[in-house]
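**Student:** In the working numbering, the protein residues as written are 21 to 285.
All residues carry an ideal CB built from backbone N, CA and C; glycine is no exception.
In structure tokens, the structure reads:
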């Protein structure tokens with residue numbers, strides 16, 4: 021027998037693990053599928069289409085909502101600019117509280133540094149209202165004591181015209197000037213406030229020009245009626261004091277507003 025051809029049972033067979041030979045007996049089996057990346061048999065991640073659609077829908081809704089919000093902001097800004105240019109303001113009536121007829125909110129609309137001055141001007145406006153109302157009372161007493169009905173009707177006209185005109189012509193322009201810092205409103209205030217001061221000084225004197233001056237409770241009218249009726253004279257003296265105080269307060273307010281206007285500008 022030929023022993024040279026017999027295999028050695030203890031001889032190790034040389035195996036190349038990286039060999040692709042067909043006839044070799046590989047100890048490491050070849051992978052049946054590709055382990056590389058980007059091949060057609062790679063593992064894939066399934067993403068539900070509903071989730072993607074919902075995300076796209078939400079993003080689209082958010083974009084539409086943001087565009088609508090910007091459009092509304094532009095509309096509001098354009099409306100505010102138009103109102104500021106035209107000078108028309110829409111204000112809710114809130115004063116007096118028991119029967120609101122005007123809009124008045126110094127604490128929330130007037131700058132903090134100008135609120136004290138605005139309150140002084142408001143006191144001046146309330147002062148002229150008080151003077152005109154008390155003037156009607158005093159003249160009514162004089163009319164009852166035989167002073168004539170003409171002075172009573174004149175006092176009523178002063179009151180009915182003076183109270184609303186003083187608000188429209190000089191107090192409201194000052195209020196808006198303080199709120200919007202408008203030089204035109206300040207100019208309007210200065211013109212008609214000088215007229216207001218002139219009327220207060222005239223009323224405190226009450227020269228005998230119209231119906232002997234008894235339609236206003238000035239010092240000359242008080243002296244005239246005091247000799248005839250002491251009670252009427254007392255009413256006229258009180259009215260004279262009110263007009264004097266209003267004149268002094270108005271001069272002070274005029275000075276303060278002018279200094280504020282010059283310093284602020």
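Helix, strand or coil, according to DSSP, for residue 122 in the structure here?
**Tutor:** Working through the chain shown from its first residue, we reach residue 122 at position 102. Residue 122 falls in the strand class under three-state DSSP.
**Student:** State the start and end residues of the unbroken alpha helix (DSSP H) segment that holds residue 224.
**Tutor:** For this step, residue 224 is matched to residue 204 along the chain shown. Where residue 224 is concerned, the enclosing alpha helix (DSSP H) stretches over 203-225.
**Student:** Once you ignore the five residues that flank residue 163 on each side, which residues in its own chain have a CB closer than 7 Å to its CB?
**Tutor:** In the chain shown, the residue the question calls residue 163 occupies position 143. Only 169, 171, 172 meet the Cβ criterion.
**Student:** Quick check on residue 155: buried or exposed, where buried means 16 or more other Cβ atoms within 10 Å of its Cβ?
**Tutor:** In the chain shown, residue 155 corresponds to position 135, counting from 1. Flag for residue 155 reads buried.
**Student:** Three or more C-beta pairs closer than 8 Å, one from the segment 118-132 and one from the segment 208-216: is that the case here?
**Tutor:** Taking 8 Å as the limit for Cβ pairs, the verdict is that the segment 208-216 does not touch the segment 118-132.
**Student:** Which residue's Cα is closest to the Cα of residue 265: 247, 147, 229, 97?
**Tutor:** Here residue 265 refers to the residue found at position 245 of the chain shown. Looking at the Cα atoms, 147 is the closest of the given residues.
**Student:** Buried or exposed, going by whether 16 or more other CB atoms sit within 10 Å of the CB of residue 253?
**Tutor:** Indexing the chain shown from 1 puts residue 253 at position 233. With 16 or more Cβ atoms within 10 Å of its Cβ, residue 253 is classed as buried.
**Student:** Measuring straight from C-alpha to C-alpha, what distance separates residue 234 and residue 277?
**Tutor:** As a first step, residue 234 is located in the chain shown; it is residue number 214 there, counting from the start. As a first step, residue 277 is located in the chain shown; it is residue number 257 there, counting from the start. Answer to the nearest angstrom: the Cα atoms are 33 Å apart.
**Student:** Roughly how many whole angstroms lie between the Cα atoms of residue 50 and residue 82?
**Tutor:** Residue numbering aside, residue 50 sits at position 30 when the chain shown is read from its first letter. Residue numbering aside, residue 82 sits at position 62 when the chain shown is read from its first letter. Residue placement at residue 50 is flagged as unreliable, the pLDDT there being 45, under the threshold of 50; a coordinate-derived value is accordingly withheld.
**Student:** Using three-state DSSP, classify residue 270 as helix, strand or coil.
**Tutor:** Position 250 of the chain shown, counted from the first residue, corresponds to residue 270. In the structure shown, residue 270 sits in a helix (DSSP, three-state: H, G or I).
**Student:** The alpha helix (DSSP H) spanning residue 161 covers which residue range?
**Tutor:** Translated into the one-based positions of the chain shown, residue 161 becomes position 141. Residues 132-162.
**Student:** Does the Cβ-Cβ distance between residue 238 and residue 247 come in under 8 Å?
**Tutor:** Taking the first residue of the chain shown as 1, we reach residue 238 at position 218. Taking the first residue of the chain shown as 1, we reach residue 247 at position 227. No, the pair does not count as a contact, with Cβ atoms beyond the cut-off.
**Student:** Rounding to the nearest angstrom, what Cα-Cα distance links residue 112 and residue 120 in this structure?
**Tutor:** Taking the chain shown and counting its residues from 1, the one referred to as residue 112 is at position 92. Taking the chain shown and counting its residues from 1, the one referred to as residue 120 is at position 100. Residue 112 and residue 120: Cα-Cα distance of roughly 9 Å.
**Student:** Suppose the cutoff is 6 Å on Cβ atoms and the five residues either side in sequence are ignored; what does the same chain contact list for residue 257 look like?
**Tutor:** For this step, residue 257 is matched to residue 237 along the chain shown. Once the five neighbours on either side are set aside, the close Cβ partners of residue 257 are 242.
**Student:** Is the beta carbon of residue 179 closer than 8 Å to that of residue 150?
**Tutor:** Counted from its first residue, the chain shown places residue 150 at position 130. Counted from its first residue, the chain shown places residue 179 at position 159. No; because the gap between Cβ atoms is not below 8 Å, this pair is not in contact.
**Student:** Assuming the contact rule is C-beta atoms closer than 8 Å, residue 159 and residue 175 should be a hit. Round their C-beta distance to whole Å, please.
**Tutor:** Translated into the one-based positions of the chain shown, residue 159 becomes position 139. Translated into the one-based positions of the chain shown, residue 175 becomes position 155. Sure, about 4 Å apart at Cβ, within 8 Å.
**Student:** In angstroms with no decimal places, state the Cα-to-Cα distance between residue 76 and residue 88.
**Tutor:** Here the question's residue 76 lines up with position 56 in the chain shown. Here the question's residue 88 lines up with position 68 in the chain shown. Distance between the alpha carbons of residue 76 and residue 88 is about 18 Å.
**Student:** Please report the residue range of the alpha helix (DSSP H) in which residue 239 lies.
**Tutor:** For this step, residue 239 is matched to residue 219 along the chain shown. Start and end: 239-246.
**Student:** Could you tell me the boundaries of the alpha helix (DSSP H) in which residue 177 lies?
**Tutor:** In the chain shown, counting from the first residue as 1, residue 177 sits at position 157. Element bounds for residue 177: 169-186.
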